[in-house]
Each structure stands twice: as structure tokens, then as C-alpha cells.
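Residue numbers (the working numbering), protein chains in the order written: chain A, 508 to 995; chain B, 64 to 276.
One structure below.
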């Protein structure tokens, strides 16, 4: 019965999740209509740009410029804030210092071969030059400063070092996602020496698996599916040097494809929302030819401000935005070849208030801007983060006017009411927002308030009741001719 | 009137709690002196159905994880009845083969009476959960664990006494009951599946005829 009901519910979701219009997952994990948080603003394609983009792989925003690497054209393309082409580099000259150090001739240039990742900081431009098995560091005049190719780790005795995505912290320490590396994110020092793997996810076998494996022969174990830990797909570093990472969903970890790795290497992302941040939570499992099945494939993550981050789902071409607590804020983006859609999203980054999505299939950059709704949500979260709960509540009111199904907004107003001491009203709002933790706090204050106000009545009632019971007992004893006084 | 109320109080509260605290004497009176009443057992079972529905909506917000839109009274009703039906029939069919002394009626009555602690603590806990904060919810959970443990205890002692078994044989009969319930469920599912296929077959033949002639 339950199964049939669940199936019917999933079937009922199709028109919602596949059709146009934005949705959000409610507390009960049902998809429901919601206002879009991001809306199409502009689209920049390779022809309009005048650049030779064949297979753009990564996009990163630094100051007023957008840096794109292309794995087929082997180029680094730089676009300015008006989305005009600034540079298109395929060859890089070397700095004198680097040339002297390596003893190369004057005039030798360095070319890229299938670069998949790029990151830009104050200290320079870092390109994951995948097919050349190296990381190229350029200065801001686009001259080669350094090349890191030799990784001193036993893993690379057998396989090649193929960096795919890279992010760099202010001290030039590089965090690299490399192909076929399952140990975690590689942390490489500024001088190119390998430091350690970070964000490692150990595989945990259940007791039954350990037992069944102990009975198997070598051949049987080989035939079984390999137990591989998390395979990271992308990394980006935030202003506190925490690494936001996305990974492929595996069977052993279906619910944490997004991680926030602190400098110690521990995943500290908050999962306090109604469900863990993982993209779509309702999806069809197993093979079928009608709909896209399986969980979201997250390929890039972009951090904006106040702990708000957006992830890109390549499978269904969607953008999921979460806040620092792990609440899902809005879902946008749609699959398609039209100008306002993207079909093969590979990278995204925030450019001021705009969100840029790089589409590899159509070699286009789709620019999204916040809608009124999205801007209000971000503003409210900002106020909430700096502790101005009343201002946040005012903005949440506006959000509710646009979308009265928006559960998080009710919690925001509830928190303001809780601070102002309006506990009963706060309880109502927390109930609408399904926040049990804060409801409990508001309820405790409310209940204790009532008890305090009526303490005299409650105590005197208890005393009277006890007195009545004792009196009745005494009455009964005397009625039967006994006495309550002690006598021998 | 007073006498009637006293009788109801005795039947529905005094005697079940007597069984709970004195399982051997209680079930002795229950079985030998015919103190157990089918009407009481049926009322308890119906109350249990009501409790399931009551809890769905009236459990405190802090522990209530039920979506009010998914409340289906009929489903709750049939779930409880199916469970009790499967257990009693399973237990009866097994104990008959294991020289149990209990009749089907006694097994059904015993199952009904065993719901007593669950009903008592269940209704009390449901009301109480509306007045507790998240930190104090331990009391509610403790109450419910106790309720389930006591119900389990009553069913266990009931089977032991009604069939006049020893400890080992009681445990064995529970395992056998579980197996027989599984078998019944399997046969039931098989039956429904086959019926479905037969219906589909007949429907397709009728369609075929209709389309041809």
C-alpha cells in the first residue's frame, strides 16, 4: 500500500519537476511551486564574443574579469565586465627568472594541452593543464612563473597526475582535484611539493559486509563492484579559506555530495535544513527511458556572501542555492537549447550579484540575475547574519507576500518575535516553518510565563487537593471508630 | 447507575491492571473463571485504532512527524485489524499443533487485553507531549518505551498462561507464530498477484472480443 502511494506521489510530481516554472521542496519533501530566485539576464556566446571557444571547461571570476579555459582550443580567454573579449591566450612567454632556473632559451613559449581548471588570485593565475600533467602558474602579465608537474607521492608511480580542478588560497597553497584520485583533494604547497590529501572520506563497511567478504575467494571479491570513496568533482575556496567541494554521489554516501572542508580537513557543512543539501531529493531510481533518473550530479559550486552558495547540477541543468544552515533557498535553471537555458553546464561563478553559468555544449555563458524574490531572500539572510533580526523580519514579510509557501521566511519572522518576547506568536510562526528547535524555545518561555503568572493559584490548588485527600482519610478513620492520634 | 459505572471500572481498568501486575493469577482467573470478556477485548482493539488516528493529529508538534495530509483513517483501521488477525490466527494455528490449551477466542481476548498499557500510556503520553519542550521529551519517549514493553510482557505472559506452556515452549511458539505469519503473508500476496493476473487475462479476452465483433 505504502509503495503504491509513494509511486503515485512520485508520478504526481512529474509535471511539476519536468515542466516549466520553479519549485522548491517543502518540509514534507514534496515539490511545490515557488517563485524563481534567479532569472535570465543575458547570454554571451562564442561568436558574439569573437573568441574561439570549442569546449570551455572552467570559468572563474577575479575582480572585473572572467577567466575561461578551453580544453580543445587549449586557450585561456579573459572577458571584461561588459562581457567583451579582453584577451585570448594560447601561448605564454616565460619570465626571466623561470627561464634562468630551468635553462630554457629565450623565446620559448609554453602551450597548454587540454586544460580543465583555472583559478585566479592576487598572486597569479593557476591553470590545471590536464593533458600535460602539470599546473601552470602565471603572473597577471600572463607570463609563466612556475610549473608544477612532479608530485612526490607513491600513488603517481602507477598513474599519471592529471589535475582537473584547482583552487588556491592566499598563501599560494593549491587544492587540486585530479583524475582517478580517490584519496581526497590534493593539497600542494606553494613550492609544488605534495603535502597531503584533505577531505578524505574513509569507506565504512558494515559488519555484514566484512563478514561476507571474509568468506569470499579472491576472484569473487574482484568481481564485486569496487568500493571507491568519494570522487570530488570541483573545489572552490571561500574568504575564510574553507573549501567548498562537490563530489559525485556514490552508493556509500548518497546524501553528502556537497562538503565544506575546514583547514583541518574535516567536513563542517551544516545540514540543519529540512533535508541535507544534495540537489534534487525526489528522483526516479533505476533505468527508464522517459525521465532522467538518479540523484543530481553536482559539478560546480559557487560561494557568494553570508554563507549562501549555489551548486550546479549537470544532469538536469539546475541551480540549487543554499544558505549557511543548509536550507534550500531556491531552485532555478532549465535544460534546453534556447537562449535562456543551458544544456551542459560545467562551471558557475558569481560575478557581483550575477551568476554566470558556462555551457560547454553551446559554448555559451548564461548570465542570471536575482529576481525580486531572490534579492529579498539574500537580503534577509544578510540581515539575519549580522544580527539585525527586525530588519530581516521586515524583508521576510515581503518574501511571504511573493510566496506564502516559503517556510524559511516564517522561521525568520518567528526568530524576531522570539527576541521581542512575543512567544505565542513566535510559536505560530515556527509551527508554519516547521522549526522544532526554536518552537521548543518559544514554547518553554511561553509555558514558564503562564506558570509564573499563576503560581499562587497552582500551588494553592495543589495544597487544597492534598488537604482534601488527607481530610477525607481522617474523616473515614473517625467514622469507623478509629483515631489518628498515636496511642499504645 | 453507580453499580454499572463500578462494573465498567472493574472490567476496563481494575481487571486488566490486575493481569498486568499478577500475570499468573490474572490469566488464571481470565481463563478458568471466565473473567475475561470478549466485549472488553474488542473495545480495546477499537480504542487502539482510535489511538493511532488520535496520535496522528494530536501528538505534540515537537515529536509529531506525520504529514496531516497523509492521514488515512481506513488505512490505520485495516493495518491494526490485519496485524491482530495475522497474529491471532498464526498463534492459534501453531499452538493447536503444539498442544496449546487456548482457544481462538481466548487468544483474541488475550491480545485485546494486552493493549491495555499501550492505550493507557499512549493517550496520556499524547496529551503530555503537548506540554513538553524538546529537552523534556525524554519523559514522553520513556513512557512510550514502557508502554510497548508492558504490552509485550502481557502478550508473552498471556501466551504462556493461556496455552499452559513453559518458558522454552512459549519462546518457541512465538518463533513459530512469526514463521506462520510470514507464510500467511506470502500466500496472501501470491493469491492477490495471481487473481490480478487472472483479471487482467479475462479483461484482455473481453477486450479482444469487443474489438473483433
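Ideal Cβ placement from N, Cα and C applies to all residues, glycine included.
Given a cut-off of 8 Å, decide if residue j and residue i are closer than it, judged by their beta-carbon atoms.
| i | j | result |
| --- | --- | --- |
| residue 838 of chain A | residue 531 of chain A | yes |
| residue 225 of chain B | residue 96 of chain B | no |
| residue 913 of chain A | residue 907 of chain A | yes |
| residue 172 of chain B | residue 104 of chain B | yes |
| residue 850 of chain A | residue 831 of chain A | no |
| residue 143 of chain B | residue 106 of chain B | no |
| residue 632 of chain A | residue 645 of chain A | yes |
| residue 766 of chain A | residue 833 of chain A | no |
| residue 211 of chain B | residue 181 of chain B | yes |
| residue 544 of chain A | residue 950 of chain A | no |
| residue 220 of chain B | residue 79 of chain B | no |
| residue 635 of chain A | residue 667 of chain A | no |
| residue 688 of chain A | residue 681 of chain A | no |
| residue 853 of chain A | residue 787 of chain A | no |
| residue 899 of chain A | residue 887 of chain A | yes |
| residue 656 of chain A | residue 679 of chain A | no |
| residue 192 of chain B | residue 122 of chain B | yes |
| residue 945 of chain A | residue 918 of chain A | yes |
| residue 621 of chain A | residue 578 of chain A | yes |
| residue 626 of chain A | residue 675 of chain A | yes |
| residue 560 of chain A | residue 580 of chain A | yes |
Nearest by alpha-carbon distance to residue i: which of the options is it?
| i | options | result |
| --- | --- | --- |
| residue 893 of chain A | A:917, A:805, A:814 | A:814 |
| residue 186 of chain B | B:88, B:92, B:119 | B:119 |
| residue 763 of chain A | A:739, A:744, A:743, A:580 | A:739 |
| residue 931 of chain A | A:916, A:915, A:948 | A:948 |
| residue 769 of chain A | A:821, A:950, A:742 | A:742 |
| residue 139 of chain B | B:153, B:152, B:115 | B:115 |
| residue 538 of chain A | A:737, A:595, A:629, A:781 | A:781 |
| residue 702 of chain A | A:954, A:715, A:841, A:661 | A:661 |
| residue 189 of chain B | B:126, B:178, B:198 | B:126 |
| residue 790 of chain A | A:801, A:756, A:617, A:771 | A:801 |
| residue 163 of chain B | B:178, B:269, B:223 | B:223 |
| residue 821 of chain A | A:841, A:810, A:835 | A:841 |
| residue 232 of chain B | B:276, B:154, B:93 | B:154 |
| residue 776 of chain A | A:755, A:816, A:811, A:803 | A:816 |
| residue 165 of chain B | B:228, B:101, B:269 | B:228 |
| residue 131 of chain B | A:535, A:611, A:799 | A:535 |
Step through the CB atoms of chain A and report whether any lies within less than 8 Å of the CB of residue i.
| i | result |
| --- | --- |
| residue 196 of chain B | yes |
| residue 140 of chain B | no |
| residue 121 of chain B | no |
| residue 124 of chain B | yes |
| residue 224 of chain B | no |
| residue 273 of chain B | no |
| residue 58 of chain B | Any answer about residue 58 of chain B is impossible in this case: the structure gives chain B only from 64 up to 276. |
| residue 270 of chain B | no |
Check the DSSP bridge columns for residue i and list the partner residues they point to.
| i | result |
| --- | --- |
| residue 996 of chain A | Because residue 996 of chain A is not part of the residues shown, which for chain A are 508 to 995, the question remains open. |
| residue 1013 of chain A | It is not possible to answer for residue 1013 of chain A, since the shown part of chain A is limited to 508 through 995. |
| residue 861 of chain A | A:858 |
| residue 618 of chain A | A:598 |
| residue 852 of chain A | A:866 |
| residue 573 of chain A | A:568, A:586 |
| residue 703 of chain A | A:694 |
| residue 807 of chain A | A:819 |
| residue 634 of chain A | A:625, A:643 |
| residue 876 of chain A | A:546 |
Against chain B, with Cβ distances strictly below 8 Å, would residue i count as a contact?
| i | result |
| --- | --- |
| residue 665 of chain A | no |
| residue 996 of chain A | The displayed coordinates of chain A run from 508 to 995. Any statement about residue 996 of chain A would go beyond what the structure contains. |
| residue 938 of chain A | yes |
| residue 947 of chain A | yes |
| residue 778 of chain A | no |
| residue 962 of chain A | no |
| residue 954 of chain A | yes |
| residue 943 of chain A | yes |
| residue 827 of chain A | no |
| residue 789 of chain A | no |
| residue 929 of chain A | no |
| residue 951 of chain A | yes |
*Give a yes or no on contact between the segment 722 to 730 of chain A and the segment 746 to 753 of chain A, applying the rule of three or more CB pairs nearer than 8 Å.*
Fewer than three pairs of CB atoms, one per stretch, sit closer than 8 Å, so the segment 722 to 730 of chain A makes no contact with the segment 746 to 753 of chain A.
*Would you check if there are 3 or more beta carbon pairs closer than 8 Å linking the segment 196 to 212 of chain B to the segment 247 to 264 of chain B?*
Look at the beta carbons and you see the segment 196 to 212 of chain B not touching the segment 247 to 264 of chain B: under three pairs across the two are nearer than 8 Å.
*Within the chosen definition, does the segment 594 to 608 of chain A reach the segment 562 to 569 of chain A through at least 3 CB pairs nearer than 8 Å?*
No, the segment 594 to 608 of chain A does not touch the segment 562 to 569 of chain A.
*asked:* Taking 8 Å as the cut-off, does the segment 871 to 879 of chain A touch the segment 846 to 862 of chain A (at least 3 CB pairs, one atom from each stretch)?
replied: With a cut-off of 8 Å on Cβ pairs, the segment 846 to 862 of chain A is in contact with the segment 871 to 879 of chain A, counting three or more such pairs.
_Closer than 8 Å is the cut-off here; do at least three beta carbon pairs connect the segment 636 to 655 of chain A with the segment 685 to 699 of chain A?_
The segment 636 to 655 of chain A vs the segment 685 to 699 of chain A: in contact.
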